[in-house]
Amino acid sequence: MSLLELRDVSGGYGPVQVLRDLRLEVAEGEVAVILGANGAGKTTTLRAICGMLDRVEGQVFFDDSEVTSRSTQAIARAGVAHVPQGRGTFTDLTVDENLRLGAINRRDNGVEADLDRWYEAFPRLAERRTQAAGSMSGGEQQMLAIARALMSRPRLLLLDEPSLGLAPLITKEVFDRLGEINRTEGLTMLIVEQNATLALAIAHRGYVLETGTIVASGDAAELTADEGVRKAYLGF
Amino acid sequence: MDLFFDQVLNGVGTGVIYASVALALVIIYRTTGLLNFAQGEMALFSTFITYWFTEQGLGIVPALLASVVVSFVGGALIERILIRPVEGAANPLNVVIVTLGLFLAINALAQLIFIKPGQEALQMPPVFPKGDLVFGIRTATVGFAAVLVVECLLLYVLLQKTKIGLALRAVASNPESSRLVGINTGNMLMLGWGLAAALGAVAGTLAATRGSGFDSSLMQQVLVYAFAAAALGGFDSPLGAVVGGLVVGIADALTIQYIDALDGIELVVPFGLILVVLLVRPNGLFGRTIVERV
Numbered sequence: 001m002s003l004l005e006l007r008d009v010s011g012g013y014g015p016v017q018v019l020r021d022l023r024l025e026v027a028e029g030e031v032a033v034i035l036g037a038n039g040a041g042k043t044t045t046l047r048a049i050c051g052m053l054d055r056v057e058g059q060v061f062f063d064d065s066e067v068t069s070r071s072t073q074a075i076a077r078a079g080v081a082h083v084p085q086g087r088g089t090f091t092d093l094t095v096d097e098n099l100r101l102g103a104i105n106r107r108d109n110g111v112e113a114d115l116d117r118w119y120e121a122f123p124r125l126a127e128r129r130t131q132a133a134g135s136m137s138g139g140e141q142q143m144l145a146i147a148r149a150l151m152s153r154p155r156l157l158l159l160d161e162p163s164l165g166l167a168p169l170i171t172k173e174v175f176d177r178l179g180e181i182n183r184t185e186g187l188t189m190l191i192v193e194q195n196a197t198l199a200l201a202i203a204h205r206g207y208v209l210e211t212g213t214i215v216a217s218g219d220a221a222e223l224t225a226d227e228g229v230r231k232a233y234l235g236f
Numbered sequence: 237m238d239l240f241f242d243q244v245l246n247g248v249g250t251g252v253i254y255a256s257v258a259l260a261l262v263i264i265y266r267t268t269g270l271l272n273f274a275q276g277e278m279a280l281f282s283t284f285i286t287y288w289f290t291e292q293g294l295g296i297v298p299a300l301l302a303s304v305v306v307s308f309v310g311g312a313l314i315e316r317i318l319i320r321p322v323e324g325a326a327n328p329l330n331v332v333i334v335t336l337g338l339f340l341a342i343n344a345l346a347q348l349i350f351i352k353p354g355q356e357a358l359q360m361p362p363v364f365p366k367g368d369l370v371f372g373i374r375t376a377t378v379g380f381a382a383v384l385v386v387e388c389l390l391l392y393v394l395l396q397k398t399k400i401g402l403a404l405r406a407v408a409s410n411p412e413s414s415r416l417v418g419i420n421t422g423n424m425l426m427l428g429w430g431l432a433a434a435l436g437a438v439a440g441t442l443a444a445t446r447g448s449g450f451d452s453s454l455m456q457q458v459l460v461y462a463f464a465a466a467a468l469g470g471f472d473s474p475l476g477a478v479v480g481g482l483v484v485g486i487a488d489a490l491t492i493q494y495i496d497a498l499d500g501i502e503l504v505v506p507f508g509l510i511l512v513v514l515l516v517r518p519n520g521l522f523g524r525t526i527v528e529r530v
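First to last, the sequence lines map onto chains A and B.
Under this note's numbering, the first sequence has 41 at position 41, and the numbering climbs by one with no breaks.
Basically this note's numbering = 1-based index in the second sequence + 236.
Laid out in structure tokens, this is it:
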């Protein structure tokens, strides 16, 4: 059984239908990536998982239970951390407060230890601990958003365009860190990304999304080798 | 000079009331992004509740505390039952109209429930003993100021030092991300409205102990001054609300004393002051201009 499964999910915003009978699975411990052009429905797919659409048909399963009609906050508490497009930073709160918010529903006493740990992993955040999050650069804010998600000790991490607005070098660093976290923690991830080359490099599995439905899927290596995918998304 | 200090102290007394209501406005504005036009009348209703408790034989302080608790629950229920259903509406004006409706409805309801026919003004027992404490400063003025300090301290501890306060500030900062970290934003909005109503209960009850009695028009002018105070301090700043409230109170008292030409229309002075401040600092004295990098 997969950790996350979408069975024939359709849905959208108001009268606009974005997703059509979308099927997708992510197994425990793997990194899956969704490729697709602008407007294909990548962000909407992640929002469907988190109960953030006006209407959803079909079923979303997380960790063997159906979460389709649950509220966003309930899905978050069940162990899904979502780093939205544009990072969703609490810009007027401090870096430290942003990280603590990641752990706001945790009842265990490992929060302080986790804080220290992610400060160590992201030293730039430690330097800016008491600074307003909105005053940091885009790359720093992306790291903060990822660290905040990790503070919740999620079972599944959803990332929406982590490279958006970042310089190429910073983007590469972000993906390196994500790959490293997946290897060391075994954290399952589902990443939506325009930069297909970088995303496929750390992914185990890939999906290609077109006009709201999955048109191709497979091993990351297979997809990288696929001529259609290469032409459309990898640019060589 | 004595007269001057008397008037400043007088202004501090009323300023405390404006500041409390302004704080309530700021709390709701920050959590809901809404100007709550019903804030004054909510406080009026709470004041009648305090009065009702004193009539049942409670001392004024226990009656006030009981009223604060009832008001907290009432404020939270107003958010849940009346505000929430229109909040997501396509037109953000809908919710403003609801608060205006509440303004009229709560006032009418208060008169209906609490004022007996033929009754003119009700007498609220004093919270602080009459007379002077030291150097001609009235005990009530010192007491009022102490109440404001306690309110600020409690709010500070709640917002800055507790998990629930962090969640409340998170909702004010970014509601969608708050849901994504698992915060029940609805509960936080109820909490915000509950806190605002509780602050209103204190402000209204203190206001009712001033002067020779109170009726259902008690909070109408107060609300206007409190809006002025919040605008002066910056609608997103609790500190601004407090400073704004005191400045407006003192400016008002001094105008009444010294500027005969404005007799009866003292209101123009605080508003003139605000106009000047907002021309120079459009976000108010303590309001933040948010600078963000993306």
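All C-beta atoms in this analysis are idealised placements derived from N, C-alpha and C, irrespective of residue type, glycine included.
Whose CA, out of the options, lies closest to the CA of residue i?
i	options	result
LEU509(B)	ASN519(B), ALA487(B), ASP496(B) and THR250(B)	ALA487(B)
PRO518(B)	ALA466(B), PHE364(B) and PRO474(B)	ALA466(B)
THR335(B)	GLY269(B), VAL505(B) and PHE471(B)	GLY269(B)
LEU294(B)	PRO361(B), ILE317(B) and VAL244(B)	PRO361(B)
PRO506(B)	LEU515(B), ALA258(B) and GLY485(B)	GLY485(B)
GLY401(B)	ILE104(A), ALA32(A), ILE34(A) and ASP54(A)	ILE104(A)
SER69(A)	GLU193(A), ASP160(A), VAL9(A) and LEU22(A)	VAL9(A)
THR421(B)	ALA74(A), ASP64(A) and LEU4(A)	ALA74(A)
GLY481(B)	PRO321(B), PHE308(B), PHE380(B) and ASN272(B)	PHE380(B)
GLU502(B)	THR267(B), GLY523(B), LEU515(B) and VAL460(B)	VAL460(B)
VAL95(A)	GLU127(A), ASP64(A), GLY41(A) and ARG106(A)	GLU127(A)
GLN141(A)	SER152(A), ALA220(A) and ARG124(A)	ARG124(A)
THR237(A)	LEU24(A), THR44(A) and VAL33(A)	Because residue 237(A) is not part of the residues shown, which for chain A are 1 to 236, the question remains open.
SER217(A)	VAL26(A), ARG20(A) and VAL16(A)	VAL26(A)
GLY449(B)	ILE342(B), THR283(B) and ILE419(B)	THR283(B)
ILE285(B)	VAL512(B), THR441(B) and THR445(B)	THR441(B)
TYR13(A)	ASN182(A), GLY212(A), ALA221(A) and LEU159(A)	GLY212(A)
LEU157(A)	GLU120(A), MET143(A), PRO168(A) and VAL83(A)	VAL83(A)
GLN194(A)	ASN38(A), GLY29(A) and LEU4(A)	ASN38(A)
GLN359(B)	THR491(B), LEU454(B) and PHE240(B)	LEU454(B)
Per DSSP, which one or two residues make a beta bridge with residue i?
i	result
SER256(B)	Looking at the DSSP assignment, SER256(B) forms no beta bridge with any residue, so it has no partner.
TYR207(A)	ILE34(A) and SER217(A)
VAL60(A)	LEU6(A)
ARG153(A)	None; ARG153(A) has no bridge partner.
ALA81(A)	LEU157(A)
SER65(A)	PHE62(A)
VAL192(A)	ILE34(A) and ASP160(A)
ILE373(B)	VAL370(B)
PHE450(B)	LEU358(B)
THR94(A)	ALA132(A)
TYR13(A)	VAL16(A)
ARG55(A)	GLY12(A)
Start and end of the alpha helix (DSSP H) containing residue i?
i	result
GLY41(A)	Careful: GLY41(A) lies outside any alpha helix (DSSP H) and carries neither H nor E.
LEU416(B)	411-416
MET278(B)	275-291
THR491(B)	474-494
TYR461(B)	456-469
LEU348(B)	329-350
GLY88(A)	Looking at the DSSP string, GLY88(A) is not in any alpha helix (DSSP H), and its letter there is neither H nor E.
GLY440(B)	421-445
ASN182(A)	168-185
GLY311(B)	296-314
PRO321(B)	320-323
ASP114(A)	111-121
ILE510(B)	504-516
Chain B partners of residue i, CB-CB under 7 Å?
i	result
THR68(A)	By Cβ distance, chain B contributes nothing, its closest Cβ being about 17 Å from THR68(A), past 7 Å.
THR72(A)	ARG415 and LEU416
What is the residue span of the beta strand (DSSP E) that residue i lies within?
i	result
GLU25(A)	16-26
THR130(A)	Per DSSP, THR130(A) belongs to no beta strand (DSSP E) and is neither H nor E.
Original post:
Listed from N- to C-terminal order along the chain, which residues in the segment 89-107 of chain A have their beta-carbon within a distance smaller than 7 Å of any beta-carbon of chain B?
Top reply: Here the close residues are PHE90, THR91, ASP92, LEU93, GLU97, ARG100, LEU101, GLY102, ILE104 and ASN105.
Original post:
Taking a cut of 8 Å between CB atoms, which residues from the segment 198-215 of chain A lie near chain B?
Top reply: Within the segment 198-215 of chain A, no residue has a Cβ that lies closer than 8 Å to any Cβ of chain B.
Subject >> Interface residues of the segment 409-427 of chain B facing chain A [CB-CB below 7 Å] >> reply: Here the close residues are SER409, ASN410, GLU412, SER413, ARG415, LEU416, VAL417, GLY418, ILE419 and ASN420.
**OP:** Taking only beta carbons into account, state which residues of the segment 74-86 of chain A come closer than 7 Å to chain B, listed in chain order.
**Re:** So the list reads ALA76, ARG77, HIS82 and PRO84, given in the order they occur along the chain.
Original post:
Relative to chain B, which residues along the segment 149-172 of chain A have a C-beta separation below 7 Å, given in chain order?
Top reply: Residues SER152 and GLY165.
Original post:
Between the segment 377-407 of chain B and chain A, which residues of the former have a C-beta closer than 8 Å to a C-beta of the latter?
Top reply: From the segment 377-407 of chain B, only LYS399, LEU402, ALA403, ARG405 and ALA406 have a Cβ closer than 8 Å to chain A.
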